[in-house]
Amino acid sequence: MLLTIVRVLLALALYVIGAFVLGVALYPAVLFTQCAWQCLTDALPWQRTLGVCLAAGTGYFIFGFSLMFVAAALRWVFRLDLTEGEYPLASLGMLRWYIANALQFIVWSVFGDFLLLTPFASLFYRLMGAKLGLNVQINSKYCADLSLLEIGDNAVIGGHATVIAHSMESRGLILKKVRIGRGAIIGLNAIVLPGVEIGDRAVVGAGVFVPKDTKIPAGTVYLGK
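Under the numbering used here, think of the first position of the sequence shown as 1, with each following residue one higher.
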């Protein structure tokens with residue numbers, strides 16, 4: 001019963017946070033579109049309609065980038081950087097983890113496809129607390145617990161790869177850092193669990209599952225056990 005109540009409260013918290021974040025991020029986009037509508041009052045009907053449509057399309061990207069910065073600002077304001085350790089389900093640590101990932105999830109769900117394989121994906125990772133080196137290439141929306149993620153220079157996270165620093169176990173939420181070395185490659189659809197350390201220039205094969213606390217030596221190819 002207690003677990004059900006906790007889940008309901010967490011879900012409600014997510015909805016409230018989502019409404020606030022989306023609403024604030026929408027403001028500049030709506031304002032931009034409204035200005036376009038007002039500036040085209042003397043235009044022909046088709047010109048005004050086209051202008052507003054173009055403004056709305058541009059507004060979507062304004063909204064997306066605003067969403068990134070609103071989520072990052074809330075992470076900073078509420079000090080949502082995660083710390084390694086064990087946390088009971090009904091605890092402040094659990095709530096911080098939930099909100100931090102909820103903010104990230106909102107951005108990825110609404111605007112993530114336009115961020116992948118661009119410098120803005122790395123920027124978003126950094127804004128959400130990840131420690132990234134130079135020239136990191138990210139092609140996945142399925143990385144969580146970003147403030148517990150460390151990625152070295154020139155590393156690559158392949159399409160749809162999952163990298164998470166948490167696990168739910170009988171004793172509660174477990175958080176452990178994930179470290180990806182310089183020049184390492186995480187293949188397409190690979191799954192990397194908490195506590196994993198991937199050495200410099202190591203390769204995790206496509207679709208490979210890397211269990212918790214696995215240490216992959218530098219320069220090796222990991223194809224599972």
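Note that CB positions come from ideal geometry on N, CA and C, so glycine has one too.
Confirm, please, whether the CB-CB distance from residue j to residue i is below 9 Å.
i, j, result
"Ala144", "Ala165", "yes"
"Asp213", "Gly195", "yes"
"Glu86", "Arg171", "yes"
"Leu188", "Val210", "no"
"Val178", "Ala202", "no"
"Phe111", "Phe69", "no"
"Gly129", "Arg182", "no"
"Ala71", "Val16", "no"
"Ala155", "Ile186", "yes"
"Ser66", "Pro28", "yes"
"Thr33", "Ala55", "yes"
"Leu148", "Lys176", "yes"
So the beta strand (DSSP E) residue i belongs to, where does it begin and stop?
i, result
"Arg179", "Val178 to Ile180"
"Ile174", "Gly172 to Leu175"
"Gln168", "The amino acid at residue 168 is misidentified as Gln; the sequence shows Met. From DSSP, the beta strand (DSSP E) with Met168 extends over His166 to Glu169."
"Gly93", "Unbroken run through Gly93 is the alpha helix (DSSP H), Leu92 to Phe111; no beta strand (DSSP E)."
"Gly85", "Gly85 to Tyr87"
From the DSSP secondary-structure annotation, give me the bridge partner or partners of residue i.
i, result
"Leu149", "Val178"
"Cys39", "According to DSSP, Cys39 bridges with nothing at all."
"Leu132", "Ile151"
"Tyr27", "Its beta-bridge partners do not exist; DSSP assigns none."
"Gln34", "DSSP output for Gln34 lists no bridge partner at all."
"Ile216", "Ile198"
Looking at the secondary structure, which residues open and close the alpha helix (DSSP H) in which residue i lies?
i, result
"Gly205", "Element bounds for Gly205: n/a, residue is neither H nor E."
"Gly59", "Pro45 to Val77"
"Arg126", "Pro119 to Leu127"
Just to check my reading of the structure: residue i and residue j have Cβ atoms closer than 8 Å, yes? What is that Cβ distance to the nearest angstrom?
i, j, result
"Ile151", "Leu132", "5 Å"
"Leu117", "Arg96", "Leu117 to Arg96, Cβ: 30 Å. No contact."
"Ala36", "Gly57", "Contact doesn't hold; Cβ gap of about 11 Å is too wide."
"Leu14", "Ala102", "5 Å"
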